[in-house]
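For our numbering, count along the sequence shown from 1 and bump the result up by 181.
Everything below concerns the one structure shown next.
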Amino acid sequence: MSTEKHPKGLYLIFATSTAERFSYYGMRAIFILFLTQALLMDKETAASIYGSYTGLVYLTPLIGGYIADKYWGIRRSVFWGAVMMSVGQFLMFFSASCLDAQSLSRMLMYGGLTFLILGNGLFKPTVSSVVGQLYKPGDQRLDSAYTIFYMGVNVGSFLAPLVCGYFGETGNPHDFKWGFLIAAIVTILTVVLFETQKNKYLIGPDGEPLGVIPDAKKGHPAPTAKQASAPRNKHQARNYGILGALTLALAILFYQCFDGDWISVGIFTACIVFPVSILLDGSLTKIERDRIFVIYIIAFFVIFFWAAYEQAGASLTLFASEQTDRSIFGWEMPASWIQSFNPFFVVILAAVMPGVWGFLHKRGMEPSSPTKQAIGLLLLSIGYLVICIGVKDLQPGVKVGLVWLTALYFIHTMGEIALSPIGLSMVNKLTPIRFASLMMGIWYLSTATANKFAGILGGLYPEEGKTKALFGYSIETMYDFFMVFVIMSAAASLILFLLTKKLQKMMHGVE
Ligand code: GLN
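Written out as structure tokens, the structure is:
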């Protein structure tokens with residue numbers, strides 16, 4: 182990984198993402214409290230709305246990616262994505278401003294979520310793919326560029342819960358609106374920043390403006406009359422037939438598996454149908470197809486990473502609140518603050534890691550992208566192993582020190598830095614430009630699936646008087662619970678390590 186100077190456009194994307202992620206995580210930090218304390222929902226309903234929201238937010242990048250590649254181009258998609266998110270955040274503000282009319286307030290809240298979900302779908306895959314387009318194919322700086330981009334994402338993620346939480350979560354339900362208003366204003370700033378600076382900074386390596394025309398039109402001449410004739414139409418009709426039948430069969434299957442939960446049905450069906458739809462595209466060469474396969478295989482393993490990692494928002498926060506001694510010199514740290522540890526560590530490690538990879542690169546020892554993904558999974562497993570030591574033989578009612586969760590988050594963040602930005606960079610390197618944003622959408626689909634999966638695994642959190650088990654392994658203590666994640670991520674990491682040689686071959690020269 183190179184540590185050379187980067188194009189200015191990267192810093193525009195850095196700032197835009199900082200602002201956008203600030204509003205996303207700021208709203209998210211107070212959302213579940215708003216549902217329970219202001220809209221007076223029970224915990225189960227609130228958790229289910231929260232889970233559906235975080236799942237759908239990562240499902241829509243598929244649609245946004247498709248629209249950007251085919252019709253709108255990146256600039257227009259980023260702009261409309263940010264505008265829609267601003268509308269969503271303002272609807273949340275209005276919802277929290279009319280708590281006395283509960284049914285109106287709930288309606289506005291659902292409207293707000295819809296705009297946020299659709300806006301994120303347009304914004305997230307497109308800003309993620311434009312980073313790579315600032316560089317020439319094969320540019321050594323790409324991993325480092327994505328790590329810097331990831332730092333921007335986490336500057337926003339770190340500050341937002343502190344600021345929106347401070348103004349919104351005061352104990353008075355009427356104050357939630359201030360948290361949402363701050364998120365809304367920052368989203369407007371995102372729009373203004375992007376719109377006023379894009380012409381100046383979003384320039385490709387060839388000096389041409391970036392993201393103006395859809396990627397599908399780049400380097401891909403319009404079909405001649407001959408190409409567009411009958412056989413092509415027949416081919417397309419066959420593909421639509423296959424995809425339609427597959428969608429129907431999977432929807433029925435998942436409907437049975439998930440007891441009619443339509444959001445899970447949608448996520449898991451999309452997770453198979455969209456990747457297949459790209460493979461059916463007749464324009465793919467053998468090399469392109471191989472490279473896309475690599476993305477799919479790695480995206481599958483990455484699901485296990487995020488499913489274990491995303492315990493942070495739920496089971497690990499419960500553990501922080503119920504079984505961790507959070508007092509520091511007589512002051513008790515709020516459990517929710519521990520969620521800021523991760524973005525804080527990301528910002529620090531993102532500054533260090535390009536140097537580490539660069540050091541290894543010079544000595545010919547830098548691991549390949551698939552190996553870095555396997556390292557990420559291994560570090561996740563080690564993080565859970567460390568906390569297993571902390572909770573082993575813990576007597577009921579006794580709390581563990583804050584050092585254990587701090588160590589877990591630090592090790593997980595090292596894993597995240599090896600896996601997440603490098604994964605984005607890898608997707609960019611392996612994808613033909615005409616599918617650039619759509620493939621980012623597919624990559625984010627593993628986060629959507631993982632969020633759903635994380636909820637199922639989080640349900641194994643030990644509770645007195647309830648028997649919980651996974652494939653015959655009974656979970657009675659925190660040690661048993663954390664062990665599930667140790668084993669799951671170690672197994673995924675090991676298999677991925679074993680596959681790396683084969684995957685590298687299928688990458689055909691891309692590192
Ligand atoms: N923190 C990252 C972000 O918000 C996580 C992305 C992901 O793939 N889960 O962009």
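Glycine residues also receive a C-beta, built at the ideal position from the N, C-alpha and C atoms.
Quantities reported herein were computed from a predicted structural model and do not represent experimental measurements.
Would you please state the rounded distance, in angstroms, between the beta carbons of residue i and residue j? I believe it to be under 8 Å.
i    : j    : result
T307 : S258 : 5 Å
A364 : G207 : 4 Å
L243 : I444 : 14 Å between Cβ atoms; not a contact.
D250 : R615 : 6 Å
A531 : T328 : 5 Å
F486 : S670 : 7 Å
I448 : A629 : 5 Å
F439 : A219 : About 30 Å; that fails the 8 Å criterion.
I623 : F455 : 6 Å
F304 : E201 : 6 Å
G262 : Y382 : Not quite, the Cβ-Cβ distance comes to about 18 Å (not below 8 Å), so this is no contact.
I211 : G349 : 4 Å
Measure the alpha-carbon distance for residue i versus residue j and round it to whole angstroms.
i    : j    : result
M534 : I598 : 8 Å
T377 : K186 : 24 Å
G596 : S562 : 9 Å
L589 : G564 : 5 Å
S267 : I369 : 6 Å
F330 : K398 : 26 Å
W253 : F481 : 29 Å
K467 : L499 : 48 Å
V336 : P524 : 7 Å
S606 : A635 : 25 Å
E675 : A555 : In the sequence as displayed, the identity of residue 675 is Leu instead of Glu. Rounded to whole angstroms, L675 to A555 spans 7 Å at the Cα level.
F474 : L575 : 45 Å
T241 : T428 : 17 Å
A650 : Y490 : 20 Å
A673 : L680 : 11 Å
P390 : K317 : 14 Å
I194 : H542 : 26 Å
P515 : M659 : 21 Å
V393 : L611 : 22 Å
L560 : L566 : 10 Å
F663 : R544 : 37 Å
L641 : C569 : 16 Å
Q520 : I476 : 29 Å
G425 : H416 : 14 Å
P395 : L461 : 21 Å
E657 : L214 : 29 Å
G292 : L362 : 16 Å
E513 : F652 : 39 Å
Y625 : Y239 : 6 Å
E645 : G463 : 56 Å
R507 : I433 : 47 Å
M620 : D281 : 44 Å
F678 : W538 : 18 Å
G441 : F591 : 38 Å
Whose CA, out of the options, lies closest to the CA of residue i?
i    : options                   : result
M290 : L243, Y327, L303 and Y234 : Y234
V608 : D223, A227, L323 and S284 : L323
I479 : V584, I211 and S601       : S601
V372 : L677, S204, L619 and H593 : S204
S278 : G539, V665, R419 and G360 : G360
A227 : K379, P456, R287 and V579 : R287
K580 : S502, I603, L460 and M222 : S502
P643 : V572, T594 and E547       : V572
I453 : Q437, P577 and S627       : S627
S549 : G578, T505, K683 and S655 : K683
I366 : F666, H593, I384 and C345 : C345
Taking 8 Å as the CB-CB limit, is residue i close to chain D?
i    : result
F439 : Here there is only one protein chain, and chain D is not present.
*Which runs of the beta strand (DSSP E) fall wholly inside the stretch 625-689 and span at least 3 residues, in chain order?*
649-651 and 654-656
*Just the residues with CB closer than 5 Å to a heavy atom of the ligand GLN, in chain order, which are they?*
V334 and T628
*What are the start and end residues of each continuous beta strand (DSSP E) run of 3 or more residues lying completely inside the stretch 202-265, in chain order?*
none
_Segments of 3+ residues assigned as beta strand (DSSP E) that fall wholly inside the stretch 401-476_ = none
*With a floor of 4 residues, list each alpha helix (DSSP H) that falls wholly inside the stretch 514-594, ordered by position along the chain.*
522-543 and 550-572
*Can you give, in chain order, each stretch of the alpha helix (DSSP H) that sits fully within the stretch 281-357 and has at least 4 residues?*
283-314 and 323-349
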